[in-house]
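Chains as they are written, first to last, in the numbering used here: chain A, 1 to 411; chain B, 1001 to 1135.
Below is one structure; the comments refer to it alone.
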Amino acid sequence: MAVCTVYTTQSLNSTCSISTPTKTHLGFHQKQVVFYSTGKRTSKRGSSSSGGPCVITCSAVDSQTVVIGLAADSGCGKSTFMRRLTSVFGGAAEPPRGGNPDSNTLISDMTTVICLDDYHSLDRTGRKEKGVTALDPRANNFDLMYEQVKALKSGVAVDKPIYNHVTGLLDPPELIKPPKILVIEGLHPMFDERVRDLLDFSIYLDISNEVKFAWKIQRDMAERGHSLESIKASIEARKPDFDAFIDPQKQYADAVIEVLPTQLIPGDNEGKVLRVRLIMKEGVKHFSPVYLFDEGSTLSWIPCGRKLTCSYPGIKFHYGPDTYFGNEVSILEMDGQFDRLDELIYVESHLSNISTKFYGEVTQQMLKHADFPGSNNGTGLFQTIVGLKIRDLYEQITTSKTATPLEATKA
Amino acid sequence: MATLTFHSLTGTLERIPASCSCSNPRMSTSFHCNSKGEKRVSRMTVKAMGAAKYKGTQMREKQLAEMIEKKVTEAKEVCEGDETSDECKVAWDEVEEVSQAKADLRLRLEIEKKDPLEFFCQENPETEECRVYED
């Protein structure tokens, strides 16, 4: 059911007959637009009694589900980014209770995170037969992805398939109810144009090859069967498909978090100290890019000095406008590591447009998850900030009243 | 708590990143390492204690570990002929998939400290999978 709320700046003195809009902005699913008319009261809603004719045109907001897309090659729904994001909204995200223990979905009060692997059209055996990797669009059902994301966005629950990463099979579907915030995470959130258009905000996590290698070593070296060679071979073999199908999505993202090796330590290849760039598209609705000191200017900033002592290798920031795949962007960059709490709060106090609700909120969020990877560098910092920006975007979208041009036609 | 055992494989002189972060304990992961990740290829085995509560999860971990080993071997075989073939790509993609699945499980157990079978076992405590894992 769609609710149309009419707001007027001046009281309606004249008779208004509310006519149903001749064209709706409801798109695919035609829904009844219900008007709450409150009779004689010259109130904010509805019409009042006597006077001349007037026409109220109204566009209805279908539902309040905000859809966020996250492109990442690091597994699904269990990534650190997702945890930080759901934490910003409060509450921990858990798999659906009582359902398939191998479900990839995470649900918290406000958010539901869906893993796009669930839209694989081919299971592991099928992919082997056809000779396609999971990165290949041919292994994914974009029609179903589009239909279901659209349905959830418009407030309709769906039976979503489950891709079981252990067995490599497609399990029976689970019911997903439309949440306040729907996050679709996976390899192809921005691949299909129709799905792209449903996204209110999109993020691409761009890990450089060197860092990817270092992270996968950390991930896999403890496993029997793996060696440096196998880890390297796996990355190399997947690279052509990754470059062809996944990487191009970054041009569509509203925010890209780029993770690179540090420039502070010459010759470093350990991948522990990181240089992280937050590339923010300009002109995105409800999203105002984070900036340092003076918006639109270019500057480098080393916070360590007289007021703040940092340990090696320190911290270096850079901020400035740029273009990225033909789009106007602002880039905020952090190289180095936080070693102490006061470094973090010092940095936070110098950033602007971070959409915090109180001073120190970024620091608090980072501390809350101090055991997550990236808690002492730009990955954690920017993921947390993006989480706050998404909260801000969500609040803007849900509290924005739809414009109601009140056209009083003179009799 | 995790105990770390270090085995080094001599012969390769590549420098590898230390396999765990040794940053500030206030902001670190749940285990400390005392290696400097030096000029040897080293393999770390980590035994995470107390995290897998149910037998089903313990079996799952074992299954994934075995799958990784098996699929790496398969991939090496398949790729021997032609490294650029589709079969080779798919084989390494499978390795990636199960490696990530195992890592996700480990992350869940070690950081979130929750057994994925928790809810299922509350409802079905008498099943084989829900026997409480004892060492």
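For glycine and all other residues, C-beta sits at the position ideal for the given N, C-alpha and C.
For clarity, every value in this text was computed on a predicted model and none was experimentally measured.
* Coil, strand or helix - E1128/B by DSSP -> Reduced to three states, the DSSP call for E1128/B is helix.
* Residues within the stretch 1105-1126 of chain B neighbouring chain A, beta-carbon criterion of under 7 Å -> L1107, R1108, I1111, P1116, L1117, F1119, F1120, E1123
* The beta strand (DSSP E) enclosing K281/A, as first and last residue numbers -> Here the beta strand (DSSP E) through K281/A covers 274-281.
* Beta-bridge pairing of N377/A - partner residues as DSSP gives them -> According to DSSP, which records beta bridges pairwise, N377/A is partnered with Q337/A.
* Below 8 Å on the Cβ atoms is my guess for K212/A versus M110/A; work out the distance and round it to an integer in Å. => The pair is not a contact, with the Cβ atoms about 31 Å apart (cut-off 8 Å).
* Please work out which residues of its chain come closer than 8 Å, Cβ to Cβ, to A1101/B, disregarding the five sequence neighbours upstream and downstream, and give them in chain order. => L1064
* Asked: Is the shortest distance between the beta-carbon of K1055/B and the beta-carbons of chain A less than 8 Å?
  -> no
* Asked: How big is the Cα-Cα spacing for P303/A and T384/A?
  -> 20 Å
* Asked: Does any residue of chain A bring its CB to less than 8 Å from the CB of C1130/B?
  -> no
* Asked: Taking DSSP as the reference, what is the three-state secondary structure of N327/A?
  -> Correct three-state label for N327/A: strand.
* Checking contacts by CB at 8 Å: is A1052/B closer than that to chain A? -> no
* Asked: Is it true that the CB of E343/A sits closer than 8 Å to the CB of L308/A?
  -> yes
* If you draw a straight line from the C-alpha of P248/A to the C-alpha of D117/A, how long is it? -> 19 Å
* **Residue burial classification, V1132/B (beta-carbon count within 10 angstroms, cutoff 16)** => Counting the other CB atoms within 10 Å of its CB gives V1132/B a total below 16, which places it among the exposed residues.
* Would you say S230/A faces chain B, with C-beta separation under 8 Å as the test? -> yes
* To do: Could you pull out every residue in the same chain whose Cβ sits closer than 6 Å to the Cβ of L299/A, ignoring the five residues on either side in sequence?
  => Y319
* Asked: Apart from the five residues just before and just after E94/A, which ones in its own chain have a Cβ nearer than 8 Å to its Cβ?
  -> L106, I107, S108
* Following the continuous alpha helix (DSSP H) through C1079/B, name the residue where it begins and the one where it ends. => 1055-1081
* At least one CB of chain B closer than 8 Å to the CB of L393/A: is that the case? -> For L393/A, the answer is no, since every Cβ of chain B falls outside 8 Å of its Cβ.
* Which residue comes first and which comes last in the alpha helix (DSSP H) that contains P161/A? -> Element bounds for P161/A: not the alpha helix (DSSP H) but the beta strand (DSSP E), 158-163.
* To do: Please go through the same chain and pick out, in chain order, the residues whose beta-carbon is closer than 6 Å to the beta-carbon of A214/A, but skip the five residues on each side of it.
  => G271
* Asked: Should K1062/B be flagged as near chain A, meaning a C-beta pair shorter than 8 Å?
  -> no
* Using the Cα positions of S288/A and K1062/B, report the straight-line distance between them to the nearest angstrom. => 47 Å
* Using a Cβ cut-off of 8 Å (strictly closer), state whether E1077/B contacts chain A. => no
* To do: Would you decide whether R391/A is buried or exposed? Buried here means 16 or more other CB atoms lie within 10 Å of its CB.
  => buried
* Report the three-state DSSP secondary structure of S1042/B (helix, strand or coil). => Interpretation of S1042/B is limited by its pLDDT of 39, a score under 50 that renders its predicted location unreliable; no figure is taken from the coordinates.
* Asked: Where does T379/A land, buried or exposed, given buried means 16+ other C-beta within 10 angstroms?
  -> buried
* To do: Would you kindly work out how many angstroms separate the C-alpha atoms of S49/A and S400/A, rounded to a whole number?
  => Residue placement at S49/A cannot be trusted, given a pLDDT of 40 that sits under 50; what the coordinates show is reported in the next sentence. Cα to Cα, S49/A sits roughly 28 Å from S400/A.
* **beta strand (DSSP E) segment containing C414/A, residue limits** => With chain A represented from 1 up to 411, any question about residue 414/A goes unanswered, as that position is not in the structure.
* By how many angstroms is the C-alpha of E1110/B removed from the C-alpha of K1047/B? -> In this prediction, K1047/B has a pLDDT of 43, which is less than 50 and means its spatial position is unreliable; what the coordinates show is noted afterwards. In a straight line, the C-alpha of K1047/B is about 11 Å away from that of E1110/B.
* DSSP beta-bridge partners for E174/A? -> Note: E174/A sits in a beta bridge opposite K160/A.
* Asked: In whole angstroms, what is the alpha-carbon distance linking Q148/A and A244/A?
  -> 26 Å
* To do: Establish whether the CB of T111/A and some CB of chain B are separated by less than 8 Å.
  => no
* **Closer than 7 Å at the beta carbon, the chain B residues around P101/A** => P1116, L1117, F1120
* Would you call the CB atoms of F382/A and I207/A closer than 8 Å? -> no
* Consider the Cβ of D118/A: report whether some Cβ of chain B lies at a distance smaller than 8 Å. => no
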